[in-house]
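Peer 1:
2 protein chains.
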Amino acid sequence: MGIVARKEQQKQEIRQLILDHSMKLFVEEGFSHVSMRKIAERIQYSPTTLYLYFQDKNEILFHCCESGFEKMLISNISLSLIHNPIDRLHQMGRNYLQFGLENPEFYDLMFIQEAPMDRIIEMGEGWSSGDQALEALKIIIQDGMDQGLIVPAKVETVAMAVWSMVHGLVSLAIRKRLDKLVKPIDMEKTMFDSLDWLLKTLKKA
Amino acid sequence: MGIVARKEQQKQEIRQLILDHSMKLFVEEGFSHVSMRKIAERIQYSPTTLYLYFQDKNEILFHCCESGFEKMLISNISLSLIHNPIDRLHQMGRNYLQFGLENPEFYDLMFIQEAPMDRIIEMGEGWSSGDQALEALKIIIQDGMDQGLIVPAKVETVAMAVWSMVHGLVSLAIRKRLDKLVKPIDMEKTMFDSLDWLLKTLKKA
DNA sequence: TTTGATTACTTAACACTGTTAATTAAGTTT
DNA sequence: AAACTTAATTAACAGTGTTAAGTAATCAAA
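Those protein sequence lines, which keep their order, are chains A and B.
Start counting the first sequence at 280; every next residue gets the next number (the numbering used here).
Start counting the second sequence at 280; every next residue gets the next number (the numbering used here).
#1: For B/H312, return the contacting residues in chain A, with the cut-off set at a CB-CB distance below 9 Å.
#2: Starting from A/E338, trace the alpha helix (DSSP H) in both directions and tell me its first and last residue.
#3: When you compare only the Cα positions, how much space is there between B/A319 and B/P326?
#4: To the nearest whole angstrom, what separates the beta carbons of A/R367 and A/I419, a pair I think is in contact under 8 Å?
#5: Apart from the five residues on each side of it in sequence, which residues of its chain come closer than 6 Å, Cβ to Cβ, to A/E401?
#6: Identify which residue in B/Q426, B/I429, B/V430, B/H446 has its Cα closest to the Cα of B/P383.
#7: Please decide whether A/M280 counts as near chain B, where near means a Cβ-Cβ distance under 8 Å.
#8: Should B/S359 go down as buried or exposed, given a rule of 16 or more other Cβ atoms within 10 Å for buried?
#9: Check the Cβ-Cβ distances between A/G409 and every residue of chain B, and say whether any is below 8 Å.
#10: Kindly indicate the opening and closing residues of the alpha helix (DSSP H) around A/V441.
#11: Leaving out the 5 sequence neighbours to the left and right, which residues in its chain are closer than 6 Å to B/G407 when beta-carbon positions are compared?
#12: Is the Cβ of B/K459 closer than 8 Å to any Cβ of chain A?
#13: Using a Cβ-Cβ cut-off of less than 8 Å, list which residues of the stretch 429-456 of chain A approach chain B; keep chain order.
#14: Please report the distance separating the alpha-carbon of B/V449 from that of B/H300.
#15: Please report the straight-line C-alpha distance between B/D335 and B/K482, rounded to a whole angstrom.
#16: Since A/L413 contacts B/L457 with CB under 8 Å, what's their CB separation in whole angstroms?
#17: Hey, how far is the Cα of A/D472 from the Cα of A/G372?
#18: Report all residues from its chain with a CB closer than 7 Å to the CB of A/Q370; omit the five preceding and five following residues, and keep chain order.
#19: Would you identify the three-state DSSP class for A/M280, choosing helix, strand or coil?
#20: Taking the straight line between their C-alpha atoms, what separation do you get for B/N363 and B/M424?
#21: In terms of residue numbering, what span does the alpha helix (DSSP H) encompassing A/F385 cover?
#22: Between the Cα of B/A452 and those of A/S314, A/S443, A/M466, A/L428, spot the shortest distance and give me the residue it belongs to.
#23: Looking at the unbroken alpha helix (DSSP H) that takes in A/S407, where does it start and where does it end?
#24: Spatial neighbours of A/M280 within its chain, please: C-beta separation below 8 Å, excluding the five flanking residues on both sides.
#25: For A/Y330, which three-state DSSP category applies?
#26: Tell me whether the beta-carbon of A/I391 lies closer than 8 Å to the beta-carbon of A/F341.
#27: Cβ of B/C343 within 8 Å of Cβ of B/F378?
#28: Anyone know if the C-beta pair for A/M470 and B/M439 falls short of 8 Å?
#29: Is it the case that the Cβ atoms of A/F333 and A/M389 are separated by a distance below 8 Å?
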């Protein structure tokens, strides 16, 4: 069935074409300015054609989300070189902030918008890349606690605290709430300082 | 000019009528389901009438936002009874989490949506209630550092860390990202545990 | 008191949005 | 060549924020 396989491949190619241009649009114009019609226009298809390849807009968002996680995972590859759990956690946090600041539109999709999450909930399983990142975080924290470097508590509790802190920084920054606390020019530095401060207090204990 | 004053008062009453019903809609149906037409329908006016009282939808959002901050400030009144900076900060954090979990639609508007912030930026000044809350946070932290109870650092740095942490918890919860870390039934408890853990490590130092 | 201006409000419309149903055109199989 | 399948389209629905034009009612001045 070589012909049917090629057909299938062509279908996948168009799917990917849609996703590629969707992501470009996100990066260029931001989440709220991406519409089915705009995506369709970019790939020179009719808007309704998109519905032959994806169930709805949320499904496209979901796949863009997944790509975001892949980008994020890549930035964390070098972490394996750091063996001290605290240092590793620290660098992981820095990478997180960096990723959020450099890819605000992706970050928005991955952690702020509810649309892609609705799709995941519908599909039952999902968010595999997200789960993967969380698993890595929990392992580091467990390591740190085993080595007596982190104030002991349930690993989920500490993971939640750490993740919430970096997510809070990025999402407040993206949504322009930090301007009220520091001057825009000092914002990025203060964000990293906040992370340093947390790790310092965490280490001392 | 008694007559012109009464006219003015009537105008204010309709303004308030619009805002009241807008907020009811937010709470009942959530941010994304509130439209100018729905608000208009509730107050039995034409949709375009709203534009006689507010410049655009964002301005309505902004005022709902302000009401949210007032609600939040009220929940913090009892804080003045607590004199130990750490305990005070701890209770402030608990109030913050509580407010976010009990008023997700308001919280969304106040700290997650970008629409009302756009209006504030346009108006130059603004966000007075938000600034007020941040000021209170900074004072407590400065107190704590002065009394040697908190690892010393620039007050903005620590304020940012603490705020980010509680905001991260609430916003991840609201946007359904915490389900991946803990079971829904344990979520609320774990959130408060995370706060406790942060305060504990912060105190020990 | 009648005219003219101001006020409060509505209707109609524009340019969008996501999405569905019906339709056309092309390619494949019998 | 006829029948069937597939891929894509056009037209349409119901909704969005917002603007311009029009309509009554109210008020001030002639």
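Where a beta carbon is used, it is the ideal one built from N, C-alpha and C, also for glycine.
Peer 2: Considering the structure as presented:
#1: Within the second sequence, numbered from 1, the residue matching residue 312 of chain B stands at position 33. Those do not exist, as B/H312 stays about 12 Å from chain A at its closest Cβ, beyond 9 Å.
#2: Locating residue 338 of chain A in the first sequence gives position 59, where the first residue counts as 1. For A/E338, the enclosing alpha helix (DSSP H) has its first and last residue at 336-354.
#3: Along the second sequence, read from residue 1 onward, the residue named residue 319 of chain B stands at position 40. Along the second sequence, read from residue 1 onward, the residue named residue 326 of chain B stands at position 47. Going from the Cα of B/A319 to the Cα of B/P326 covers about 5 Å.
#4: Numbered from 1 along the first sequence, position 88 holds the residue referred to as residue 367 of chain A. Numbered from 1 along the first sequence, position 140 holds the residue referred to as residue 419 of chain A. The Cβ separation is near 5 Å, so the contact holds.
#5: Position 122 of the first sequence holds residue 401 of chain A. Around A/E401: no qualifying Cβ.
#6: Residue mapping note: residue 383 of chain B aligns to position 104 of the second sequence, counting from 1. Among B/Q426, B/I429, B/V430, B/H446, the Cα nearest to that of B/P383 belongs to B/H446.
#7: Indexing the first sequence from 1 puts residue 280 of chain A at position 1. Below a pLDDT of 50, predicted positions are generally treated as unreliable, and A/M280, at 43, falls in that range; the measurement from the model is reported next regardless. Output row for A/M280: interface = no.
#8: Stepping through the second sequence from its first residue, residue 359 of chain B is reached at position 80. The residue in question, B/S359, is exposed, as its Cβ has fewer than 16 Cβ neighbours within 10 Å.
#9: The count along the first sequence starts at 1 and reaches residue 409 of chain A at position 130. At a cut-off of 8 Å, the C-beta of A/G409 has a neighbouring C-beta in chain B.
#10: Position 162 of the first sequence, counted from the start, is the residue given in the question as residue 441 of chain A. Segment 434-453, the alpha helix (DSSP H) holding A/V441.
#11: Stepping through the second sequence from its first residue, residue 407 of chain B is reached at position 128. First, the residue type needs correcting, since residue 407 of chain B is Ser and not Gly in the sequence shown. Close CB contacts of B/S407 within its chain, under the 6 Å cut and outside five residues either way in sequence, are absent.
#12: Here the question's residue 459 of chain B lines up with position 180 in the second sequence. Interface residue, yes.
#13: So the list reads V430, A432, K433, E435, T436, V437, A438, M439, A440, W442, S443, M444, V445, H446, G447, L448, S450, L451, R454, K455, R456, given in the order they occur along the chain.
#14: Translated into the one-based positions of the second sequence, residue 449 of chain B becomes position 170. Translated into the one-based positions of the second sequence, residue 300 of chain B becomes position 21. Their Cα atoms are separated by approximately 25 Å.
#15: Locating residue 335 of chain B in the second sequence gives position 56, where the first residue counts as 1. Locating residue 482 of chain B in the second sequence gives position 203, where the first residue counts as 1. Between B/D335 and B/K482, the alpha-carbon positions lie close to 47 Å from each other.
#16: Reading the first sequence from its first residue, position 134 is the one you call residue 413 of chain A. Reading the second sequence from its first residue, position 178 is the one you call residue 457 of chain B. About 10 Å; that fails the 8 Å criterion.
#17: Taking the first sequence and counting its residues from 1, the one referred to as residue 472 of chain A is at position 193. Taking the first sequence and counting its residues from 1, the one referred to as residue 372 of chain A is at position 93. Cα-Cα distance, rounded: 11 Å.
#18: Position 91 of the first sequence, counting from 1, holds the residue named residue 370 of chain A. Once the five neighbours on either side are set aside, the close Cβ partners of A/Q370 are L358, I361.
#19: In the first sequence, counting from the first residue as 1, residue 280 of chain A sits at position 1. Caution is warranted here: a pLDDT of 43 is assigned to A/M280, below 50, making its placement in the model unreliable, and no coordinate value can be reported.
#20: As a first step, residue 363 of chain B is located in the second sequence; it is residue number 84 there, counting from the start. As a first step, residue 424 of chain B is located in the second sequence; it is residue number 145 there, counting from the start. Looking at the two C-alpha atoms, the distance is approximately 12 Å.
#21: Taking the first residue of the first sequence as 1, we reach residue 385 of chain A at position 106. Counting along the chain, the alpha helix (DSSP H) containing A/F385 begins and ends at 383-386.
#22: The sequence position of residue 452 of chain B within the second sequence is 173, counting from 1. Of A/S314, A/S443, A/M466, A/L428, the residue nearest in Cα terms is A/S443.
#23: For the purposes of this step, residue 407 of chain A is taken as residue 128 along the first sequence, with counting starting at 1. Looking at the DSSP string, the run of the alpha helix (DSSP H) that includes A/S407 is 407-425.
#24: Position 1 of the first sequence, counted from the start, is the residue given in the question as residue 280 of chain A. A caution first: A/M280 carries a pLDDT of 43, below 50, which makes its placement in the model unreliable, though a value can still be read off. Hits under 8 Å: none found.
#25: Residue 330 of chain A sits at position 51 when you count from the first residue of the first sequence. In the structure shown, the three-state DSSP call for A/Y330 is helix.
#26: Numbered from its first residue, the first sequence carries residue 391 of chain A at position 112. Numbered from its first residue, the first sequence carries residue 341 of chain A at position 62. Not closer than 8 Å, so no.
#27: For the purposes of this step, residue 343 of chain B is taken as the residue at position 64 of the second sequence. For the purposes of this step, residue 378 of chain B is taken as the residue at position 99 of the second sequence. Against a cut-off of 8 Å, the Cβ pair of B/F378 and B/C343 comes out as no contact.
#28: Within the first sequence, the letter at position 191 stands for residue 470 of chain A. Within the second sequence, the letter at position 160 stands for residue 439 of chain B. In contact: A/M470 and B/M439 (Cβ atoms closer than 8 Å).
#29: On the first sequence, residue 333 of chain A is found 54 positions in, with the first residue counted as 1. On the first sequence, residue 389 of chain A is found 110 positions in, with the first residue counted as 1. No, these two residues do not count as a Cβ contact at 8 Å.
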